[in-house]
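A.B. asks: Sharing a structure below in structure tokens format, with a few things to ask.
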Amino acid sequence: MSKINIQRGLLSLVTLFIALAISTSSAEIRNYHASALYEAKGNVKSIKYDKNNQFIKKKVVFTPDGRLKNRLMSYNSAGLPIGYGSNMGDVYSYLNVGYDKDGSVSKIKWDNKNKNRSVALISPAYTDGVLKSALITLTVDSGAPQNIEYQFSDYIYDNSGNWISRKVTRTATPGGSGQPEIYTETRKIQYY
Amino acid sequence: MGKNVFKIFTLAFGLCGASSLMGQDYNGRAVYDLSGPVKECQVSPGTAFGADKISFMPDGRINNCTLTFDWDGRAIGSNLNLYKNSRIVNLEYDDLGHLTHVYSEASYGVAPGNFEADLTYCDNAVCQMVIKEIKGKAPRKFIYSYSAPVVDDKGNWIERTVDYKVMDIASHKVLEDKKYTEIRKIEYYE
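Residue numbers (the numbering used here), protein chains in the order written: chain A, 1 to 192; chain B, 1001 to 1190.
Rendered as structure tokens:
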């Protein structure tokens, strides 16, 4: 697993955690709110991203009650996803998601081992309930931690208030060029 | 079922395996009534915990297991939604960190997927475990009462007497009643 792939994957981990502040609006309808990890609210049936990566399938599907379909995930009493643990001996993956009192994702810890062990700590930042940036500290094996910062802007939303396009500015230090990488991230959302 | 409780727990935790996450410790051993740097535990055949063995990472995570740990390193359960099958496991603890309640709900079968287990502790070790089936036409209750524990130098029991009783929950009829000795071999990290 290359560091670049890990970094790309982490971007999607960023997409994994954001929309919690808005997720509570659908609490009366669904028992679970797994889509919150994907920055989506409402009766989401599926989300298809324009890019693929190792952490998030290009398409994620949700059950009618709001759980991730065909996935392992634990939920808290509010139905919010709080992590998972999958251990097959030498290969494992653990995820922890923490929340603020207002239901926004406050931190994520991801511990994964395949050929290499990668530990990522993710800290999101919001402005008026909208994810504006996320700082990822990534450590691969015994290497020096790398900081990767994502900034999000120019959001475009669908009729349900979920983003379907946004501008991403990614800066990695050390190990990166030092120059920000800028691109547009898009996704398609289907609803029940 | 009496022989398969260990298996049941193992199944309940999914496909019940190791590393240190930023130096954090996990309480996977407590789930199996173990403490200290246990590497592997094997319970003798024909006992409450069956013939299975369980192994742990040095930091306390359970090998070959789908179990979620919270931010404090405490195993809290599992929620697997796999195609048309669903399995939910919740674990609860007392203030001392003892596992006191296991809830397992599965969309498939009656046992071992759907049950509740209540564990009572005496002198820091489980002295009773009651498992109730929560689905099925005639749900049963499995009562394991433990006594006369022999402990190793780490304080983990390696032998104990088990009073085992199976009852029909509705009629209270005793379906099985026996006593046996349960033994386990524990290997530790150095």
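In this text, a Cβ means the ideal position worked out from N, Cα and C, and glycines have one as well. Being a predicted model, the structure only gives us computed values, none of them experimental.
Might you give, ordered along the chain, the residues of its own chain that have their beta carbon closer than 8 Å to the beta carbon of Ile1158(B), omitting 5 neighbours on each side?
C.D. replies: In the second sequence, the residue the question calls residue 1158(B) occupies position 158. Same-chain partners within the cutoff: Val1150, Val1151, Asp1152, Ile1183, Arg1184, Lys1185 and Ile1186.
A.B. asks: Cβ atoms of Lys1154(B) and Tyr1164(B): under 9 Å apart, would you say?
C.D. replies: The residue you call residue 1164(B) lines up with position 164 of the second sequence. The residue you call residue 1154(B) lines up with position 154 of the second sequence. Contact: no.
A.B. asks: Using a Cβ cut-off of 9 Å (strictly closer), state whether Phe1142(B) contacts chain A.
C.D. replies: Along the second sequence, one-based indexing puts residue 1142(B) at 142. By this cut-off, Phe1142(B) is not an interface position.
A.B. asks: By the three-class DSSP mapping on this structure, what secondary structure does Gly83(A) have?
C.D. replies: To locate residue 83(A), count along the first sequence from 1; it is residue 83. If DSSP states are grouped into helix, strand and coil, Gly83(A) belongs with the strands.
A.B. asks: Can you give the Cα-Cα distance for Phe1115(B) and Ser93(A), rounded to whole angstroms?
C.D. replies: Start at 1 with the first residue of the second sequence, and residue 1115(B) comes out as number 115. Start at 1 with the first residue of the first sequence, and residue 93(A) comes out as number 93. Each residue's alpha carbon lies about 27 Å from the other.
A.B. asks: Determine whether the Cβ of Ile198(A) lies closer than 9 Å to any Cβ atom of chain B.
C.D. replies: Within the shown structure, residues of chain A are numbered from 1 to 192, placing residue 198(A) beyond reach of any answer.
A.B. asks: Can you pull the chain A residues whose beta carbon is under 8 Å from the beta carbon of Leu1067(B), in chain order?
C.D. replies: In the second sequence, counting from the first residue as 1, residue 1067(B) sits at position 67. Residues of chain A whose Cβ lies closer than 8 Å to the Cβ of Leu1067(B) are, in chain order, Gly85 and Asn87.
A.B. asks: Given this structure, state the Cα-to-Cα distance separating Thr184(A) from Thr173(A), to the nearest angstrom.
C.D. replies: Mapped onto the first sequence, residue 184(A) falls at position 184. Mapped onto the first sequence, residue 173(A) falls at position 173. One C-alpha to the other measures close to 21 Å.
A.B. asks: How many angstroms separate the CA atom of Trp110(A) from the CA atom of Thr1120(B)?
C.D. replies: Here the question's residue 110(A) lines up with position 110 in the first sequence. Here the question's residue 1120(B) lines up with position 120 in the second sequence. Roughly 34 Å separates the two Cα atoms.
A.B. asks: For Ala144(A), does the three-state DSSP call read helix, strand or coil?
C.D. replies: Here residue 144(A) is taken as the residue at index 144 of the first sequence, counted from 1. Of the three classes helix, strand and coil, the one that applies to Ala144(A) here is coil, per DSSP.
A.B. asks: Counting only Cβ-Cβ distances shorter than 9 Å, please list the residues of the stretch 62–75 of chain A near chain B, keeping chain order.
C.D. replies: Thr63, Arg67, Leu68, Lys69, Asn70, Arg71, Leu72, Met73, Ser74 and Tyr75
A.B. asks: Determine, using beta carbons only, whether Tyr192(A) comes closer than 9 Å to chain B.
C.D. replies: Looking up residue 192(A) in the first sequence gives position 192. Chain B, which has no Cβ nearer than 9 Å to the Cβ of Tyr192(A), makes this no.
A.B. asks: Please tell me whether Ala1148(B) has its Cβ less than 9 Å away from any Cβ of chain A.
C.D. replies: Locating residue 1148(B) in the second sequence gives position 148, where the first residue counts as 1. No, Ala1148(B) does not count as interfacial toward chain A.
A.B. asks: According to DSSP, simplified to helix, strand and coil, what is Arg1029(B)?
C.D. replies: Sequence index remark: in the second sequence, residue 1029(B) carries index 29 (1-based). Note: Arg1029(B) maps to helix in three-state DSSP.
A.B. asks: My output table needs one value for Tyr1189(B): the three-state DSSP class, helix, strand or coil.
C.D. replies: Looking up residue 1189(B) in the second sequence gives position 189. Here Tyr1189(B) sits in coil by DSSP.
A.B. asks: With a threshold of 8 Å on Cβ separation, who are the neighbours of Val1166(B) within its own chain once the five nearest residues in sequence on each side are excluded?
C.D. replies: By 1-based counting over the second sequence, the position of residue 1166(B) is 166. Shown here for Val1166(B): same chain residues with a beta carbon closer than 8 Å to its own, the five before and five after excluded, namely Met1001, Gly1002, Arg1140, Lys1141, Phe1142, Ile1143, Val1174, Leu1175, Glu1176 and Asp1177 in chain order.
A.B. asks: What residue from Arg1087(B), Asp1033(B) and Lys1137(B) has the CA that sits closest to Asp1168(B)'s CA?
C.D. replies: Mapped onto the second sequence, residue 1168(B) falls at position 168. Each of Arg1087(B), Asp1033(B) and Lys1137(B) was checked against the Cα of Asp1168(B), and the nearest Cα belongs to Lys1137(B).
A.B. asks: Note down, in chain order, every chain A residue with its Cβ under 7 Å from the Cβ of Gly1061(B).
C.D. replies: Here residue 1061(B) refers to the residue found at position 61 of the second sequence. It should be pointed out that residue 1061(B) corresponds to Arg in this sequence rather than to Gly. What Arg1061(B) touches in chain A: Asn87.
A.B. asks: Which parts of the stretch 64–124 of chain A are runs of the beta strand (DSSP E), unbroken and 3 residues or longer, counting only runs that do not cross its ends?
C.D. replies: Counting only runs of 3 or more, we get 81–87, 92–99 and 105–113.
A.B. asks: For Ser1044(B), does the three-state DSSP call read helix, strand or coil?
C.D. replies: As a first step, residue 1044(B) must be located in the second sequence, where it is residue number 44. If DSSP states are grouped into helix, strand and coil, Ser1044(B) belongs with coil.
A.B. asks: To the nearest whole angstrom, what separates the beta carbons of Phe201(A) and Lys41(A), a pair I think is in contact under 8 Å?
C.D. replies: Since the first and last residues shown for chain A are 1 and 192, residue 201(A) lies out of range.
A.B. asks: Rounded to the nearest angstrom, how far is the Cβ of Leu1080(B) from that of Val1031(B), given a contact under 8 Å?
C.D. replies: Residue numbering aside, residue 1080(B) sits at position 80 when the second sequence is read from its first letter. Residue numbering aside, residue 1031(B) sits at position 31 when the second sequence is read from its first letter. Actually they do not touch by this definition, with Cβ atoms about 17 Å apart.
A.B. asks: Considering only their Cβ atoms, is the gap separating Ala1075(B) from Tyr1026(B) smaller than 9 Å?
C.D. replies: Within the second sequence, numbered from 1, the residue matching residue 1026(B) stands at position 26. Within the second sequence, numbered from 1, the residue matching residue 1075(B) stands at position 75. Cβ distance < 9 Å, so Tyr1026(B) and Ala1075(B) count as in contact.
A.B. asks: Just to confirm, is the Cβ distance from Ser104(A) to Gly129(A) under 9 Å?
C.D. replies: For the purposes of this step, residue 104(A) is identified with residue 104 of the first sequence, where counting begins at 1. For the purposes of this step, residue 129(A) is identified with residue 129 of the first sequence, where counting begins at 1. Against a cut-off of 9 Å, the Cβ pair of Gly129(A) and Ser104(A) comes out as a contact.
A.B. asks: Along the chain, which unbroken stretches of the beta strand (DSSP E) at least 3 residues long are found entirely within the stretch 1106–1186 of chain B?
C.D. replies: Taking only runs of at least 3 residues, the beta strand (DSSP E) segments lying wholly in the stretch 1106–1186 of chain B are 1115–1122, 1125–1133, 1140–1151 and 1157–1168.
A.B. asks: Taking 9 Å as the CB-CB limit, is Gly103(A) close to chain B?
C.D. replies: Numbered from 1 along the first sequence, position 103 holds the residue referred to as residue 103(A). Not closer than 9 Å to any Cβ of chain B, the Cβ of Gly103(A) fails to qualify, so no.
A.B. asks: According to the neighbour-count rule (16 or more other Cβ atoms, all chains shown, within 10 Å of its Cβ), is His33(A) buried or exposed?
C.D. replies: Numbered from 1 along the first sequence, position 33 holds the residue referred to as residue 33(A). Label assigned to His33(A): buried.
A.B. asks: Can you name, in chain order, every residue of its own chain whose Cβ lies under 6 Å from the Cβ of Ile1088(B), other than the five neighbours on each side?
C.D. replies: Stepping through the second sequence from its first residue, residue 1088(B) is reached at position 88. Answer for Ile1088(B): Asn1079 and Glu1105, listed in chain order.
A.B. asks: Applying a beta-carbon distance threshold of less than 7 Å, which residues of chain A neighbour Leu1080(B)?
C.D. replies: Numbered from its first residue, the second sequence carries residue 1080(B) at position 80. In chain order: Leu72.
A.B. asks: Can you tell me the Cβ-Cβ gap for Ser74(A) and Thr1068(B), rounded? I've got them flagged as a contact below 8 Å.
C.D. replies: Taking the first sequence and counting its residues from 1, the one referred to as residue 74(A) is at position 74. Taking the second sequence and counting its residues from 1, the one referred to as residue 1068(B) is at position 68. That pair is a contact at about 4 Å.
A.B. asks: In chain A, what lies closer than 7 Å to Gly1113(B) by C-beta?
C.D. replies: Here the question's residue 1113(B) lines up with position 113 in the second sequence. Within 7 Å Cβ-Cβ: nothing; Gly1113(B) doesn't reach chain A, min ~16 Å.
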